[in-house]
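**Q** Mapping to UniProt numbering: the sequence shown position 86 is 86, numbers consecutive.
Even for Gly, the Cβ is constructed at its ideal location relative to N, Cα and C.
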Amino acid sequence: MLGFRGASRYIADPHCFNMELQAIKNIWENGFQNLHLMIPFVRAPWELIKIKELVKLSGLYDYPGFKLLIMVEVPSCALNLEEFIKIGIDGVSIGTNDLTMMIMGVDRDNQEVANVYDERTPLIINILENIVSTCAKHGITSSICGQAASDYPEIVERLVKAGITSVSINPDTVDRTRDLIFQIEKKHFEFKK
1 MLGFRGASRY IADPHCFNME LQAIKNIWEN GFQNLHLMIP FVRAPWELIK IKELVKLSGL
61 YDYPGFKLLI MVEVPSCALN LEEFIKIGID GVSIGTNDLT MMIMGVDRDN QEVANVYDER
121 TPLIINILEN IVSTCAKHGI TSSICGQAAS DYPEIVERLV KAGITSVSIN PDTVDRTRDL
181 IFQIEKKHFE FKK
């Protein structure tokens, strides 16, 4: 999981990254404008600045409606999110699996320490809520991906109350989660008619 991946890999090989950006640009030029760019494993603000420079050079920012999002899956990003937002992003997706492993220092696939891995710990939930409320405060989208939203309705409830804009879940939990979110929003938010 650690190492040469995500933003650092794109920066290290801008030619390869530009080929990916040109593929996205080609899709936009063919009229499919619902494809956006999400950068994984952004560790430091300077990485985001460099990524944005490369995206600008590609011409993708010339398309109205194009969005740049980042994954929040490392503690340095989760705990320093305001700095990334100031640089300019349109939204985040919280990778709960990786973020929990990094914060707790455990490999969820290693049976010797798997019992320590739990997204429901107060520390993890507080960090998730802080990410979501920070995004809401700045008017950018926030979503959650990973197993937590499918497995733990209590996490979904806390994040909906904090202002999350979307959740990614397993297909077998769609109906249950949709009903849960409807009930939470009905109870905690006032809708204008």
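Counting Cβ pairs, one atom from each stretch, are 3 or more of them under 8 Å apart for the segment 77-84 and the segment 40-51?
**A** yes
**Q** Beta-carbon within less than 7 Å of Ile-24's beta-carbon, same chain only, minus the 5 sequence neighbours each way: which residues are those?
**A** Indexing the sequence shown from 1 puts residue 24 at position 24. Apart from the 5 residues on each side of it in sequence, Ile-24 sits with its Cβ closer than 7 Å to the Cβ of Leu-35, Leu-37, Leu-60 in its chain, given in chain order.
**Q** If I follow the unbroken alpha helix (DSSP H) through Val-160, where does it start and stop?
**A** Against the sequence shown, residue 160 aligns to sequence position 160. Note, Val-160: alpha helix (DSSP H), 153-162.
**Q** Apart from the five residues on each side of it in sequence, which residues of its chain come closer than 8 Å, Cβ to Cβ, to Ile-131?
**A** Within the sequence shown, the letter at position 131 stands for residue 131. Val-72, Ala-78, Leu-81, Val-92, Ile-94, Ser-142.
**Q** How many Å lie between Lys-161 and Ile-181 at the Cα?
**A** In the sequence shown, the residue the question calls residue 161 occupies position 161. In the sequence shown, the residue the question calls residue 181 occupies position 181. Taking the straight line joining both Cα atoms gives about 10 Å.
**Q** Just how far apart, CA to CA, sit Ile-184 and Leu-159?
**A** Against the sequence shown, residue 184 aligns to sequence position 184. Against the sequence shown, residue 159 aligns to sequence position 159. Their backbone Cα atoms lie some 10 Å apart in a straight line.
**Q** I'd like the span of the alpha helix (DSSP H) that includes Ile-94, first residue to last.
**A** As a position in the sequence shown, residue 94 is number 94, starting the count at 1. Unbroken run through Ile-94 is the beta strand (DSSP E), 91-95; no alpha helix (DSSP H).
**Q** Tell me whether the beta-carbon of Arg-178 lies closer than 9 Å to the beta-carbon of Pro-153.
**A** Residue numbering aside, residue 178 sits at position 178 when the sequence shown is read from its first letter. Residue numbering aside, residue 153 sits at position 153 when the sequence shown is read from its first letter. Not a contact, by the Cβ cut-off of 9 Å.
**Q** Let me check understanding here. Comparing Cα to Cα, which of Arg-120, Ile-39, Tyr-10 lies closest to Asn-147?
**A** Counting from one through the sequence shown, the residue named residue 147 turns up at place 147. One point to set straight first is that residue 147 is Gln, not Asn, in the sequence displayed. When each option's Cα is compared against that of Gln-147, the closest is Arg-120.
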